[in-house]
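Working notes, structure below.
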Ligand SMILES: *[C@@H]1O[C@H](CO)[C@@H](O)[C@H](O)[C@H]1NC(C)=O
Ligand SMILES: *[C@@H]1O[C@H](CO)[C@@H](O)[C@H](O)[C@H]1NC(C)=O
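Numbering (this note's numbering), first residue to last: 31 to 429.
This is the structure:
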């Protein structure tokens, strides 16, 4: 009963809906309820104030949010954050999304086409698929970010154009399957220079999310891809299966990890979200249990004072990619909590959100890359939207 309820309820809105808990008797008093509601509305206020600031970085011409040029994959993440807020129930986010989703779809796609889908495309690669899809480029992870964004846009609008775009992106992603190091894994780029776990974990996530949305006749194809990709990935050196977390990319020369390999928060977040969706797609709770294990490992090994922290990176000078990472983990945690809530996830999200707001803010609502603080610039849409994921996750989990 518990598991059939789980899968039925989860199928509808895996990313947001809390599942019915059996055997838990509501014992909160009215006063406690009010406290919880107040706390939730504080997180909502913070997230909405930050959203207002985020939109000042929105470039109407390119449909992208200004961060590190060309702000491509980061913008997919910023749009995902906005859509999450719509799903959590922000009227402000909904109003913005009503115009920003269709505008971004058109303008950012046109930007990429104008730029010739230029990012790291191998000359030898057949680009007919790319010409058909304004969101294709030479990086398999970039396509994964946009595929996730358009899946979510489909979730909130019901518009099949977005789902079709995500499916086309996934079709292009399958051209990265099979590397020099493994027949069951992904290249990171079409030029075949690197193997990196973010490409594998996003491939799993996109496949599993698509499986839960496409028509019945296509479902097993996507679910099979996700199962196969997870099977290949968990056996690769990039997954520390004994400790349940995603570590670094491997060398294509040696097919091994480098010295002192360390992972990032975002590939773990994409994996957690992918495993939750895979568990829903297949009805197999083992994937969900693995997602719980990954979440617990990351909360332990990638945090400081109980607040999420990117390992081995100077948080004040984190380079161009890392500021975006932590939010991706918070989204994964939020989805896991929605599917199978645990108090420790809520406490973790609240600690992150409190620290982001109290220690990592400049002015009214400008958020930086170091969630433990103090605030560091440069302020732009990347660290800012990532920190917003932390606020939104706390809001969602506090309700
Ligand atoms: C679906 O989305 C596309 C892309 O934004 C848009 O052109 C189209 O008008 C939308 N369809 C409907 C029925 O809203
Ligand atoms: C991968 O394998 C192909 C075909 O064997 C080879 O041409 C290429 O140089 C290899 N790439 C690397 C980075 O080792």
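Think of the CB as a built atom: it goes at the ideal place given N, C-alpha and C, for glycine as much as any other residue. As the structure is a prediction and not an experimental result, all values here were calculated from the model.
*For residue 89, does the three-state DSSP call read helix, strand or coil?*
For the purposes of this step, residue 89 is taken as residue 59 along the chain shown, with counting starting at 1. Three-state DSSP puts residue 89 in a strand.
*In three-state DSSP terms, what is residue 153?*
Sequence index remark: in the chain shown, residue 153 carries index 123 (1-based). Residue placement at residue 153 is flagged as unreliable, the pLDDT there being 48, under the threshold of 50; a coordinate-derived value is accordingly withheld.
_Excluding the 5 residues flanking residue 430 on each side, which residues of the same chain have their C-beta closer than 8 Å to its C-beta?_
In the structure displayed, the chain extends from 31 to 429; residue 430 sits before or after that span and is not available.
*Inter-residue spacing [alpha-carbon to alpha-carbon] between residue 128 and residue 186*: Taking the first residue of the chain shown as position 1, residue 128 is located at position 98. Taking the first residue of the chain shown as position 1, residue 186 is located at position 156. Approximately 10 Å between the Cα atoms of the pair.
*Is residue 430 near ligand 1, with its Cβ less than 8 Å from a heavy atom?*
Shown here, the chain extends from 31 to 429; a query on residue 430 therefore has no answer.
*asked:* Quick check on DSSP: helix, strand or coil for residue 178?
replied: The residue you call residue 178 lines up with position 148 of the chain shown. Three-state result, residue 178: helix.
*asked:* Comparing C-alpha positions only, which one of 371, 417, 379 sits nearest to residue 391?
replied: Locating residue 391 in the chain shown gives position 361, counting from the first residue. Closest by alpha carbon: 417.
*Are residue 95 and residue 411 closer than 9 Å when you measure CB to CB?*
Within the chain shown, numbered from 1, the residue matching residue 95 stands at position 65. Within the chain shown, numbered from 1, the residue matching residue 411 stands at position 381. Yes. Within cutoff.
*Under 9 Å, do residue 329 and residue 420 count as touching if we go by C-beta distance?*
Locating residue 329 in the chain shown gives position 299, counting from the first residue. Locating residue 420 in the chain shown gives position 390, counting from the first residue. No.
*To the nearest angstrom, report how far apart residue 81 and residue 210 are at their CA atoms.*
As a position in the chain shown, residue 81 is number 51, starting the count at 1. As a position in the chain shown, residue 210 is number 180, starting the count at 1. Straight-line Cα distance between these residues: approximately 43 Å.
*Can you name the residues that DSSP bridges to residue 334?*
In the chain shown, counting from the first residue as 1, residue 334 sits at position 304. BP columns for residue 334 point to 337.
_Using a Cβ distance threshold of 8 Å, determine whether the segment 245 to 256 contacts the segment 283 to 303, with at least three qualifying pairs required._
no
_Which same chain residues end up closer than 6 Å to residue 235 when comparing Cβ atoms and leaving out the 5 residues on each side of it in sequence?_
Along the chain shown, one-based indexing puts residue 235 at 205. So the qualifying residues of the chain are 300, 303, 304.
*Taking three-plus beta-carbon pairs below 8 Å as touching, is the segment 302 to 321 in contact with the segment 375 to 384?*
no
*Spatial distance of residue 137 from residue 325 (CA atoms)*: Here residue 137 corresponds to residue number 107 of the chain shown, with the count starting at 1. Here residue 325 corresponds to residue number 295 of the chain shown, with the count starting at 1. Answer to the nearest angstrom: the Cα atoms are 36 Å apart.
*Going by the C-beta, is residue 210 closer than 8 Å to any heavy atom of ligand 1?*
Here residue 210 refers to the residue found at position 180 of the chain shown. No.
*Starting from residue 396, follow its DSSP beta bridges and name the residues at the other end.*
For the purposes of this step, residue 396 is identified with residue 366 of the chain shown, where counting begins at 1. 392.
*Return helix, strand or coil for residue 165, following the three-state DSSP convention.*
Along the chain shown, one-based indexing puts residue 165 at 135. Looking at residue 165 - three-state DSSP - the assignment turns out to be coil, as it is neither helix nor strand.
*If you compare alpha carbons, which of 112, 344, 347 is closest to residue 422?*
Taking the chain shown and counting its residues from 1, one reaches residue 422 at position 392. Cα-wise, what sits closest to residue 422 is 112.
*By Cβ distance, which residues of its chain are closer than 8 Å to residue 19, with the 5 residues on each side in sequence left out?*
Any property of residue 19 remains undetermined from this structure, which presents the chain solely from 31 to 429.
*Confirm, please, whether the CB-CB distance from residue 346 to residue 291 is below 9 Å.*
The residue labelled residue 291 in the question sits at position 261 within the chain shown. The residue labelled residue 346 in the question sits at position 316 within the chain shown. Going by C-beta atoms, residue 291 is not nearer than 9 Å to residue 346.
*asked:* Just to confirm, is the Cβ distance from residue 135 to residue 88 under 9 Å?
replied: In the chain shown, residue 135 corresponds to position 105, counting from 1. In the chain shown, residue 88 corresponds to position 58, counting from 1. Cβ atoms of residue 135 and residue 88: not closer than 9 Å.
*Out of 207, 216, 240, state which residue places its alpha-carbon closest to the alpha-carbon of residue 195.*
Counting from 1 along the chain shown, the entry for residue 195 is found at position 165. Measuring from the Cα of residue 195, the nearest candidate turns out to be 240.
*Can you have a look at residue 66 and say buried or exposed, based on whether 16 or more other CB atoms are within 10 angstroms of its CB?*
Sequence index remark: in the chain shown, residue 66 carries index 36 (1-based). Residue 66 should be labelled exposed.
*Could you tell me if residue 334 is buried or exposed, where buried requires 16 or more neighbouring beta carbons within 10 angstroms of its beta carbon?*
Translated into the one-based positions of the chain shown, residue 334 becomes position 304. When all chains shown are included, residue 334 counts as exposed.
*What's the gap between the Cα of residue 68 and the Cα of residue 348?*
To locate residue 68, count along the chain shown from 1; it is residue 38. To locate residue 348, count along the chain shown from 1; it is residue 318. The alpha-carbon atoms of residue 68 and residue 348 are separated by roughly 34 Å.
_For residue 118, the three-state DSSP class (helix, strand or coil)_ = Position 88 of the chain shown holds residue 118. It is helical.
*Cβ distance (whole Å) where residue 5 is taken to contact residue 366 below 8 Å*: For residue 5 there is no data in the structure shown, the boundaries of the chain being 31 and 429.
_Contact with chain B by residue 131, beta-carbon distance below 9 Å_ = No chain B appears in this structure, which consists of one protein chain only.
*Uninterrupted alpha helix (DSSP H) stretches inside the segment 229 to 289 (no shorter than 4 residues)*: 246 to 265
*Enumerate in chain order the residues of its own chain whose CB-to-CB distance from residue 341 is below 6 Å, with the five nearest sequence positions on each side excluded.*
Taking the chain shown and counting its residues from 1, one reaches residue 341 at position 311. Closer than 6 Å at Cβ, skipping near neighbours: 292, 332.
*State the CB to CB distance for the pair residue 126 and residue 425, rounded to an integer number of angstroms; the pair is presumed to be in contact (CB under 8 Å).*
Walking along the chain shown from the start, residue 126 turns up at place 96. Walking along the chain shown from the start, residue 425 turns up at place 395. Between residue 425 and residue 126 the Cβ distance is about 16 Å, and since that is not below 8 Å, they are no contact.
*Where residue 128 falls: helix, strand or coil (DSSP)*: Residue 128 sits at position 98 when you count from the first residue of the chain shown. Residue state, collapsed to three classes: helix.
*asked:* Quick check on the DSSP output: what are the complete alpha helix (DSSP H) runs of length 4 or more inside the segment 292 to 353, in order along the chain?
replied: 295 to 312, 315 to 331
_When 145, 143, 144, 86 are compared against residue 130, the one with the closest alpha-carbon_ = Counting from 1 along the chain shown, the entry for residue 130 is found at position 100. It is 86.
*So the alpha helix (DSSP H) residue 413 belongs to, where does it begin and stop?*
As a position in the chain shown, residue 413 is number 383, starting the count at 1. 411 to 428 is the extent of the alpha helix (DSSP H) around residue 413.
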